[in-house]
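Protein chains in written order, with our numbering: chain A, 310 to 683; chain B, 310 to 683; chain C, 25 to 359; chain D, 25 to 359.
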């Protein structure tokens with residue numbers, strides 16, 4: 310057994326932390342938050358300085374954690390231009406990979422994932438966006454909701470229905486993944502404003518009105534889209550765990566400083582707040598261990614959905630628990646500090662990439678099927 | 310990073326599990342529980358079959374978990390004859406080690422640890438048992454409470470006061486550790502009956518009335534006893550974490566079986582119970598990772614009190630959470646099964662070897678001191 | 025609170041103080057003595073809710089709640105003993121106007137056991153009709169029992185001690201194996217389910233009595249017990265938690281001990297008090313440290329009883345679904 | 025519930041329905057409009073608790089609680105706006121029988137901000153007297169402020185918008201930086217602490233209003249929103265949790281909206297409702313999924329407001345210690 314990160318990863322984490330501390334000051338983060346503005350300069354800067362390295366998933370994970378620890382909204386914004394890339398990497402044709410992925414890595418393009426629909430959510434297979442095959446193209450009609458990078462991405466990896474199985478129980482079949490470009494005719498998007506948190510990230514509704522997509526933009530096989538996307542969520546969940554742990558560690562850092570200051574000034578601290586600090590720290594540590602263990606399976610091409618869902622579910626609940634507790638401990642001081650922003654940012658962790666409820670369904674199903682999670 | 314136990318440890322765990330399944334049937338466990346009887350035959354059998362191996366702390370830890378998973382009362386009873394041995398190992402003279410420890414390992418003797426006093430508990434330094442030096446012996450007066458193996462141990466590693474510092478803030482000094490034999494004159498013990506759980510273990514009150522202890526029975530240096538005992542708790546807590554995880558895993562196993570059975574018979578399960586199962590499983594997994602990480606520091610001669618207290622605190626709360634949840638999920642069935650015994654056994658985990666409150670004090674103190682728990 | 029209720033509360037409190045307090049631990053170890061059972065009958069606690077034409081006192085629901093609460097504070101077993109006879113046995117007998125059985129009950133000739141495996145989702149049902157295993161109330165000569173045919177019977181027969189088993193809770197009532205000699209049908213499973221719903225307020229009273237009993241001891245203990253030279257109550261984690269628990273208890277009691285409490289509110293209180301009593305008794309034990317773990321201190325029994333009682337008369341799935349459906353005004357929570 | 029209370033409840037409910045419901049989100053974005061402030065004055069909600077000889081309606085405590093509750097259900101900002109003026113400003117002015125200021129308040133000439141950094145353990149105190157930063161109520165022309173000398177002042181001056189900062193909660197009230205021109209001492213820090221203790225029931229009413237507002241929306245949403253072809257309410261984890269939350273709310277409301285509620289019980293309810301409102305609004309958001317995260321749906325504001333209000337008027341350390349000491353009848357929880 311070995312709980313140490315490699316020297317390379319430690320150095321990388323340190324580098325990301327330094328970058329974040331330099332670039333994500335409270336003042337900067339606060340402005341992007343208030344203005345609901347995507348920090349495109351920071352995205353480019355991070356790419357230039359080699360802070361974003363999607364070639365190594367361990368680095369991605371650790372980078373996300375370190376950035377979100379300094380500011381969740383900016384951290385997520387900077388690391389999300391690749392959102393959905395794994396679907397293309399694993400199942401896209403060489404042509405698609407070359408045409409689309411390369412430019413994302415070069416910082417020239419931004420991509421997005423189009424799965425969720427209005428009225429959809431956890432029930433992915435219930436989606437209503439339809440792609441009708443006509444000759445060598447698909448004609449797509451429907452809409453997508455809560456799409457990250459929705460008004461800034463150049464293209465989307467999108468889940469659509471290409472067939473209608475007679476048996477409703479088989480509706481997972483008949484779904485396919487297409488690459489849809491923003492500049493295709495009939496494509497439209499509306500930015501969603503007034504989000505509680507992660508306001509620097511870009512979120513939108515997409516509208517597809519007879520959008521014509523070349524047949525070559527089909528990712529993998531027709532009818533297998535649902536499985537590709539589930540496979541993707543099993544990967545992306547580990548990154549949400551990293552976001553969550555970044556948030557939780559971030560408020561833990563700040564709460565520790567707050568209490569240290571009280572002690573230093575000879576002010577009253579009281580055991581109750583110390584106990585809460587201990588609970589926060591314990592949960593952060595436990596979350597991180599779950600994430601590392603899940604990652605050690607996942608990044609070794611041996612994904613363990615039970616562990617991944619445990620890591621995502623537990624870490625996201627920890628983020629929101631830690632942020633709430635930090636607000637409680639720091640009170641008025643927290644209200645006028647970064648902590649309130651972390652608090653607002655934290656809640657989405659329990660919702661996106663599989664709600665806490667979905668994680669529990671996955672875990673219990675695996676256990677009752679006899680999975681020993683080993 | 311590597312989350313795998315060595316092949317040797319895995320095999321050892323398997324062997325312990327097989328032994329426990331064979332020897333700790335519900336019927337056997339139930340009788341010892343009802344009669345509040347220490348299972349001396351099982352202790353000897355386990356030693357003979359090589360199930361108890363205190364030469365390797367990893368084995369001890371894993372052995373405790375596997376035994377407690379089958380039955381906590383018997384599992385603890387069988388693994389506790391060495392209780393306090395680390396104090397002797399680390400600080401005892403060669404003479405003491407030879408005289409006392411060898412026979413424990415051979416199964417000929419049982420030992421115990423005498424720290425807690427009536428009215429004492431978390432405040433170890435407040436103890437009132439006094440050892441007065443007279444020539445080449447100590448004369449000990451006082452009493453000890455909640456002493457495991459109290460009426461069956463042949464000798465005790467006992468914390469006593471040998472000096473009275475003027476400054477109450479310095480009362481941690483002036484404490485020393487003596488080896489006190491049961492057959493010393495003036496030693497008496499009363500078995501405590503009517504325990505809620507772990508009823509197969511032996512617990513007693515000790516009375517010391519002018520007990521004469523040879524000066525050579527002093528362990529280590531006079532006045533350093535408090536620190537030896539704190540060091541010991543930092544070790545023993547990891548084994549309480551193992552007991553706790555055994556309990557939690559044990560009720561998780563049984564609850565899983567219960568729900569699987571319902572599913573198999575086509576009975577209603579409902580999402581709420583599945584969610585609770587997922588929560589139990591997640592906490593068990595997280596507890597075990599905390600324990601392993603703490604152990605990887607501790608057993609490498611690099612103890613990390615923050616991690617040890619996190620592991621003990623979180624695992625013990627998980628044991629009691631899991632047992633309660635199991636009772637809730639299984640209801641009447643649980644009431645008439647082993648689960649009710651696990652439930653009764655679980656609560657002591659949050660009390661002995663440092664209450665949950667003490668663990669939180671340790672954790673928060675280390676964090677506010679600047680410990681990064683890395 | 026009406027006057028009858030106040031009177032009943034004082035009577036029950038006095039009784040508990042005078043006859044139960046000093047022997048509470050003895051009751052746990054040896055069962056409710058026949059002298060106590062006799063006195064409970066004499067004072068009219070048992071069967072008190074029966075209507076006057078059935079020979080009872082027609083006790084109002086609020087008074088019954090207060091009575092069960094006061095007993096549970098001292099001895100949950102005694103409270104449960106009265107509960108089972110008043111809320112289940114009497115009601116079952118009343119549905120059939122079985123005056124003779126009621127008379128025997130009120131005269132102390134009969135003492136009933138309760139037996140309902142399979143009343144809750146997933147609980148094992150009984151298949152043998154030769155022996156009813158682990159009937160609650162070790163000294164019963166009759167039993168209200170639910171059999172595997174889904175019907176409720178009044179069963180006469182003989183009890184026998186259960187070997188090698190000690191129940192988790194309600195040890196004062198104890199359990200026995202019961203060998204039926206004669207049985208008469210008294211309705212279907214739904215009769216019992218319906219009675220459990222209707223008894224929501226009474227069940228809540230027992231749970232809250234258990235909680236208050238354990239918290240009273242803990243208030244006292246945390247005042248006198250010192251650690252690091254300070255009473256436990258001076259430490260935030262103890263004081264704040266006790267304040268929190270006392271608050272929840274107080275607010276629930278206010279609502280429960282009101283004439284206005286209707287069916288839905290009593291259902292709410294049953295659910296809340298079931299989980300509250302587990303939480304409160306667990307902290308009570310924790311704050312007693314090692315001493316809490318010992319029978320002699322009379323704290324651990326509250327923890328055991330809250331969990332055991334939940335498993336016996338509180339149905340987490342069914343009760344919550346029932347309440348949710350009431351609140352939504354539509355069937356809910358069945359997936 | 026007395027008749028005055030019932031009437032006040034209906035009046036507040038009607039007002040909220042008629043003037044606030046449709047503009048609740050607008051209030052969040054742009055602040056409480058002067059038209060609404062005007063109507064609040066006209067209807068006598070603001071200053072209602074002042075005694076008649078001070079020009080108020082001498083509203084009884086229960087009616088005030090019901091009023092704040094009804095407003096908070098729709099707009100916590102409006103409820104807090106009335107609360108600060110009724111429970112803090114009016115009371116401070118009343119202690120000095122400052123009839124002129126009260127008249128100006130009741131005539132709508134003055135609009136007060138609240139400023140009390142350092143009122144709670146560990147909060148940063150203000151050291152500058154040139155600018156009062158982040159005063160609650162963006163359009164105030166006067167402020168009740170706690171200064172670093174530990175004294176409370178009535179401050180006249182000018183407000184200025186705060187740049188690059190958006191408050192977590194009570195956005196309808198907003199915040200400003202306030203530049204004092206004149207200040208008059210109105211007592212010590214303890215005056216404010218005392219008022220916060222005395223306002224326990226009113227604070228609880230706002231918290232419970234927030235909770236009910238969010239739960240009402242969630243009841244409705246979980247009825248209509250489907251996942252896997254079934255309404256959310258049909259799933260146990262949703263239905264059971266909603267039943268649990270509705271139960272806690274109901275039991276607390278029953279106790280809070282009673283004439284009998286005394287000081288200790290109101291303190292209990294303040295503590296309970298503060299944590300309950302966070303729990304309830306968090307689940308409300310969760311059950312709305314992604315939509316809950318958007319301002320337009322009017323759910324996230326309740327979550328924000330419950331946490332912000334806690335940080336502003338609920339003091340976890342001091343309030344719990346105060347209550348614990350009341351319950352123990354002796355100083356407790358200070359270590």
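Glycine is no exception: its CB is placed at the ideal position from the N, C-alpha and C atoms.
Extent of the continuous alpha helix (DSSP H) run through residue i
i	result
residue 630 of chain B	614-644
residue 385 of chain A	381-388
residue 265 of chain D	260-280
residue 247 of chain C	224-248
residue 398 of chain B	394-400
residue 119 of chain D	114-119
residue 77 of chain C	Residue 77 of chain C -> no alpha helix (DSSP H), and no H or E assigned at all.
Distance, residue j Cα to residue i Cα
i	j	result
residue 30 of chain C	residue 87 of chain C	7 Å
residue 118 of chain D	residue 513 of chain A	52 Å
residue 121 of chain C	residue 78 of chain C	8 Å
residue 186 of chain C	residue 317 of chain C	25 Å
residue 37 of chain D	residue 74 of chain C	44 Å
residue 238 of chain C	residue 311 of chain A	46 Å
residue 245 of chain C	residue 282 of chain C	31 Å
residue 144 of chain D	residue 61 of chain C	56 Å
residue 404 of chain A	residue 609 of chain A	26 Å
residue 248 of chain D	residue 509 of chain B	55 Å
residue 682 of chain A	residue 669 of chain A	Bear in mind that the predicted position of residue 682 of chain A carries a pLDDT of just 44, short of 50, making it unreliable; the figure below should be weighed with that in mind. Using only the alpha carbons, I get a separation of about 14 Å.
Chain-order list of residues whose beta-carbon lies under 6 Å from that of residue i (same chain, five-residue window excluded)
i	result
residue 634 of chain B	585, 589
residue 425 of chain A	454, 455
residue 628 of chain B	553, 556, 557, 655, 658
Any chain A beta carbon closer than 7 Å to residue i
i	result
residue 573 of chain B	no
residue 252 of chain C	no
residue 584 of chain B	yes
Contact with chain D by residue i, beta-carbon distance below 7 Å
i	result
residue 258 of chain C	yes
residue 456 of chain A	no
Minimum Cβ-Cβ distance from residue i to chain B less than 7 Å
i	result
residue 352 of chain C	no
residue 320 of chain C	yes
residue 673 of chain A	yes
Cβ-based neighbour list, residue i, same chain, cut-off 7 Å, excluding 5 preceding and 5 following
i	result
residue 664 of chain A	431
residue 277 of chain D	232
Residue range of the unbroken beta strand (DSSP E) whose run includes residue i
i	result
residue 457 of chain A	446-457
Counting Cβ pairs closer than 8 Å, one from the stretch 216-225 of chain C and one from the stretch 105-113 of chain C, do we hit at least three?
yes
On the three-pair Cβ rule with 8 Å, is the stretch 292-304 of chain D touching the stretch 46-61 of chain D?
no
Any contact between the stretch 365-381 of chain A and the stretch 312-329 of chain A? By contact I mean 3 or more CB pairs, one from each, below 8 Å.
yes
Under 8 Å: do the stretch 199-207 of chain C and the stretch 151-159 of chain C share three or more Cβ pairs, one atom per stretch?
yes
For the pair the stretch 375-386 of chain A and the stretch 329-338 of chain A, tell me if three or more CB-CB distances fall below 8 Å.
yes
Indicate whether the contact test is met: 3 or more Cβ pairs, each with one atom in the stretch 405-421 of chain B and one in the stretch 459-469 of chain B, closer than 8 Å.
yes
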